[in-house]
Structure formats: structure tokens, C-alpha cells
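Enquirer: Here it is: the structure, laid out below.
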Amino acid sequence: MYQIFFQSHGVAIEWVAESLPKPYEAELVEDIISLMSSCSAKIYGKRSALRRKAKKEAEHEAI
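Heads up: the sequence shown is residues 144 to 206, going by the numbering used here.
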């Protein structure tokens, strides 16, 4: 759909991202960052859950 529109205006589409393969090091860095993000989210999620639980228990005891 977009291709027809662009061709009618004399514009050519070139896909650069697919034509350039990623080096091994770049893929490794992306994997490490993904792993670190996943672990961080898990840690922060557990901490948040503990705080919510403690807050709920404190509110329940105050009643």
C-alpha cells in the first residue's frame, strides 16, 4: 500500500536494516542487556510485592 503511494511520487524505498547483518559482538551485547533487564525487573517486582504486602498488613492491623 505504501509502496504504491511512494512510487507514484517518484520515491524509492530501500531497506537498510535487513541488508546489514549484525556482528556477533552486537548480538552478544543485546543478549546481555536483555538478561540484565529481565533480572532487574524480577528483583524490583519482588521488592514491590513485599512492600505492598507489608503495607496491606499494616493497614489491616491498624483497623
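Every residue gets a Cβ at the ideal spot worked out from N, C-alpha and C, and that includes glycine.
Quantities reported herein were computed from a predicted structural model and do not represent experimental measurements.
#1: Which residue comes first and which comes last in the alpha helix (DSSP H) that contains residue 203?
#2: Can you give me the C-alpha to C-alpha distance between residue 201 and residue 194, rounded to a whole angstrom?
#3: Between which two residues does the alpha helix (DSSP H) harbouring residue 147 extend?
Expert: Taking the structure as given:
#1: As a working mapping, residue 203 is identified with position 60 in the sequence shown. Note, residue 203: alpha helix (DSSP H), 167-205.
#2: As a first step, residue 201 must be located in the sequence shown, where it is residue number 58. As a first step, residue 194 must be located in the sequence shown, where it is residue number 51. Cα-Cα distance, rounded: 10 Å.
#3: Taking the sequence shown and counting its residues from 1, the one referred to as residue 147 is at position 4. Note, residue 147: alpha helix (DSSP H), 145-151.
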